[in-house]
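**Student:**
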Amino acid sequence: MDAMSAESNEEVDNYVSAQYLHLIILSGMYTRLDRSHRLFTFVQLLIYLCILVFHYITIGLATLQLMEVSLVTFGEAVHFCLLIQLVIILIVFIQTKHNSIALFHRAMAENFFDYSENYEGIKERLKQEIRKERRFLVMIPILVGLAVVAIMVLTPQVDKYGTFDFSKISSDFNQHLPFPYMVYPYQNEQGFGYYASVILQLVVATLTGGSIGVSLSHL
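Its first residue numbered -14, the sequence shown is counted upward by one per residue in the numbering used here.
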């Protein structure tokens, strides 16, 4: 842990968090590894990975059932399965790049150049460019997250009003869920099971959109 966080400190961590409106911390793409935050970081990543792996398995089981029923729905399920797989890989892989990310932001946080007054104009222009790039990069995870949410909202409508015949699978999957094609090991038609499934799916959608978006903005 000490080796992984050699280039970071509280100032750098706060700077990184502020520049990305805390999205980079919440998505697990940058973690606080100082001694006071390590336990929280470990629990955070463990929860994220457990939720993602759980849904990776539930969608994977669903694809086996959908393969011979609806090729379109099968492709949709595989697509989401691959996205979740990508996020799992990103969350694990990005932890090995912690020092590189910290070093890059440390240079900006600690006033990376110390030239004579003749360079003040250039320095100010660079700062303005950095601010523009930062605003643009912050929009990436937001837009990706909105796209994922939009897909989850539109999916039930497509299933309901589309031209495909889903009668064969309506009894096996809960069509009232944002993404119905998952094989949960518990009842999710109503009550606690239903609301738990909705919340978990929203968490997965947020993690997927946030992690991929944030990774695009700083990898």
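For glycine and all other residues, C-beta sits at the position ideal for the given N, C-alpha and C.
A quick note: this is a predicted structure, and the numbers were derived from the prediction, not measured.
Along the chain, where does the alpha helix (DSSP H) containing Gln50 start, and where does it finish?
**Tutor:** Segment 23 to 51, the alpha helix (DSSP H) holding Gln50.
**Student:** Could you check what DSSP says for Pro126 in three-state terms: helix, strand or coil?
**Tutor:** Looking at Pro126 - three-state DSSP - the assignment turns out to be helix.
**Student:** To the nearest angstrom, report how far apart Val54 and Tyr166 are at their CA atoms.
**Tutor:** Each residue's alpha carbon lies about 12 Å from the other.
**Student:** Buried or exposed for Val1, going by 16 or more other Cβ atoms inside 10 Å?
**Tutor:** Buried, since its Cβ has 16 or more Cβ neighbours within 10 Å.
**Student:** Can you list, in chain order, the residues of its chain whose CB lies under 8 Å from that of Val138, leaving out five sequence neighbours each side?
**Tutor:** Counting only Cβ-Cβ distances below 8 Å, and skipping sequence neighbours, we find Pro163.
**Student:** Identify whether Gly13 lies in helix, strand or coil by the three-state DSSP scheme.
**Tutor:** Of the three classes helix, strand and coil, the one that applies to Gly13 here is coil, per DSSP.
**Student:** Which residues in the same chain as Phe65 place their Cβ atom closer than 7 Å to its Cβ, once the five residues preceding and following it in sequence are excluded?
**Tutor:** Here the set comprises Ile44, Phe164.
**Student:** Helix, strand or coil: which one does DSSP assign to Tyr5?
**Tutor:** Here Tyr5 sits in coil by DSSP.
**Student:** Is Ser85 helix, strand or coil when you go by DSSP?
**Tutor:** Helix at Ser85.
**Student:** CA-CA distance, Arg23 and Arg17?
**Tutor:** Answer to the nearest angstrom: the Cα atoms are 7 Å apart.
**Student:** Shortest alpha-carbon distance to Ile154 belongs to which of Ile32, Thr58, Phe25?
**Tutor:** The option with the nearest alpha carbon to Ile154 is Thr58.
**Student:** Near Ile76, what residues of its chain come up, given a Cβ to Cβ distance below 7 Å and the 5 sequence neighbours on each side ignored?
**Tutor:** So the list reads Gly13, Leu30, Tyr33, Leu34, Ser196, once near-sequence residues are dropped.
**Student:** My output table needs one value for Leu192: the three-state DSSP class, helix, strand or coil.
**Tutor:** Leu192: helix per DSSP, three-state reduction.
**Student:** My guess is that Leu46 and Val168 are in contact by the Cβ rule of under 8 Å, so how many angstroms apart are they, rounded?
**Tutor:** Contact holds; Cβ gap of about 4 Å.
**Student:** Could you check what DSSP says for Leu162 in three-state terms: helix, strand or coil?
**Tutor:** Coil at Leu162, not helix or strand.
**Student:** Put Asn(-6) into one of helix, strand or coil per three-state DSSP.
**Tutor:** The answer is coil: DSSP assigns Asn(-6) none of H, G, I, E or B.
**Student:** Thr81: which of Leu187, Met52, Ala(-12), Leu185 sits nearest, CA to CA?
**Tutor:** Closest option to Thr81, Cα to Cα, is Ala(-12).
**Student:** Return the residue from the list Phe158, Ser200, Gly194, Gly198 that minimises the CA-CA distance to Ser182.
**Tutor:** The shortest Cα separation from Ser182 among Phe158, Ser200, Gly194, Gly198 belongs to Phe158.
**Student:** If you draw a straight line from the alpha carbon of Arg110 to that of His161, how long is it in whole angstroms?
**Tutor:** The alpha-carbon atoms of Arg110 and His161 are separated by roughly 52 Å.
**Student:** Please work out which residues of its chain come closer than 7 Å, Cβ to Cβ, to Val199, disregarding the five sequence neighbours upstream and downstream, and give them in chain order.
**Tutor:** Taken in chain order, the residues that qualify are Tyr5, Leu8, Ile9, Ser12, Met14, Pro126.
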